[in-house]
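**Student:** Got a structure here, written out as structure tokens. Questions coming.
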Amino acid sequence: KAIRAMLDGGKVASMILWGPPGSGKTTLARIIADMSGTTFVPFSAVTEGVARVREIIAEAGTRLRATGRQTILFADEIHRFNKAQQDAFLPHVEAGTIILVGATTENPSFEIVRPLLSRAPVYVLEALSAGAIRSILDQAMADSRGLASMDVTGDDDALNFIAEAADGDARRALGVLEAAAHLAGTGGIVNEDVAREALQHR
């Protein structure tokens with residue numbers, strides 16, 4: 151509700167999204183960028199360093215001056231940055247050069263520096279329910295960007311099995327579904343046996 155109110159108010163602020171893998175942190179950040187008309191720039195603290203952060207911030211500053219368009223810097227696994235690296239975000243967040251959206255699977259109270267937490271409230275995402283994951287699987291089956299082009303059919307037992315086995319992780323569920331679809335082949339049927347095999351070989 152707080153994020154919805156922020157979007158309705160027309161102003162997006164920095165935030166930390168805390169939740170388990172596959173709970174929608176990256177997707178939510180992309181939705182916020184789309185709805186607010188800001189530029190979305192993803193960054194992984196696992197594979198990229200401070201030099202890349204400086205590049206993004208410089209580009210964001212140029213974009214803001216030239217077009218007035220703000221930039222969401224999405225820092226995935228932000229807890230992987232040490233204290234000094236996290237502190238480097240502060241002046242740019244305060245100046246409004248970037249809107250920082252950090253994502254973490256670890257408790258921010260222990261992993262994120264206090265000055266950053268005071269400027270970026272924490273929003274908690276829960277693991278997805280099996281019903282929510284089933285809805286995501288149904289969409290993937292019907293979407294041309296998903297599996298619709300393969301003309302694969304999934305029976306209810308198989309899709310429910312995948313949704314339960316994913317343990318709240320939508321990314322895992324989609325990976326299993328994709329593997330099952332390839333095992334079934336174009337025009338095939340994903341039944342529970344195929345789903346179980348896909349889960350083992352994912």
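Letter by letter, the sequence shown follows residues 151 to 352 of the working numbering. Yeah, the Cβ is synthetic: ideal placement off N, Cα and C, and Gly gets one too.
Do I339 and I262 have their C-beta atoms within less than 9 Å of each other?
**Tutor:** Taking 9 Å as the Cβ cut-off, I339 and I262 do not qualify as a contacting pair.
**Student:** Leaving aside the five residues before and after T196 along the sequence, list all residues of the same chain whose C-beta is less than 8 Å from its C-beta, in chain order.
**Tutor:** Note that residue 196 is Val in the sequence shown here, rather than Thr. Same-chain partners within the cutoff: D226, E227, R230.
**Student:** Taking the alpha carbon of A316 as the point to measure from, which residue in A201, L278, T255, F190 has its own alpha carbon closest?
**Tutor:** Nearest option by C-alpha distance: L278.
**Student:** Answer yes or no: the CB of P265 versus the heavy atoms of the ligand HEM, is any distance below 8 Å?
**Tutor:** For the ligand HEM, the structure offers nothing, since it holds no ligand at all.
**Student:** Excluding the 5 residues preceding and the 5 following V272 in the sequence, name in chain order all residues of the same chain whose CB lies nearer than 7 Å to its CB.
**Tutor:** Within the same chain, V272 has close Cβ partners I166, W168, P258.
**Student:** Kindly indicate which residue of I222, Q289, G211, T212 has the alpha-carbon position closest to the one of A91.
**Tutor:** Residue 91 is absent from the model: the chain starts at 151 and stops at 352.
**Student:** Taking DSSP's pairing of strands, which residues face V251 in a bridge?
**Tutor:** The partner list for V251 (beta bridge, DSSP) reads M165, F224.
**Student:** In whole angstroms, what separates the C-alpha of R213 from that of A308?
**Tutor:** Roughly 47 Å separates the two Cα atoms.
**Student:** Considering only C-alpha positions, which residue in the set I248, F260, R180 is nearest to N232?
**Tutor:** The option with the nearest alpha carbon to N232 is F260.
**Student:** Are there 16 or more other CB atoms within 10 angstroms of the CB of A329, so buried, or fewer, so exposed?
**Tutor:** Counting Cβ neighbours within 10 Å, A329 comes out buried, since at least 16 surround it.
**Student:** Pick helix, strand or coil for I262, following the three-state DSSP scheme.
**Tutor:** Looking at I262 - three-state DSSP - the assignment turns out to be coil, as it is neither helix nor strand.
**Student:** Does the segment 192–212 come close enough to the segment 238–254 that 3 or more CB-CB pairs lie under 8 Å?
**Tutor:** They touch, by the three-pair rule.
**Student:** What's the call for A320, buried or exposed, on a 16-neighbour Cβ count within 10 Å?
**Tutor:** When all chains shown are included, A320 counts as buried.
**Student:** Check this for me: beta carbons of Q235 and V200, under 9 Å apart or not?
**Tutor:** Yes.
**Student:** Comparing C-alpha positions only, which one of S294, E276, I182 sits nearest to P171?
**Tutor:** With distances taken between Cα atoms, P171 lies closest to E276.
**Student:** Just verifying my parser: in three-state terms, what is the DSSP assignment at V302?
**Tutor:** V302: coil per DSSP, three-state reduction.
**Student:** At what residues does the beta strand (DSSP E) containing V272 begin and finish?
**Tutor:** Per DSSP, V272 belongs to the beta strand (DSSP E) from 272–274.
**Student:** Just confirm the distance between the C-beta atoms of A282 and F311, as a whole number of angstroms; I'd bet it's less than 8 Å.
**Tutor:** 16 Å between Cβ atoms; not a contact.
**Student:** Are there three or more Cβ pairs, one per stretch, closer than 8 Å when the segment 156–165 is compared with the segment 180–187?
**Tutor:** Segments in contact, yes.
**Student:** When burial is assigned at 16 or more other CB atoms within 10 Å of the CB, is S268 buried or exposed?
**Tutor:** By the neighbour-count rule (16 or more Cβ atoms within 10 Å), S268 is not buried but exposed.
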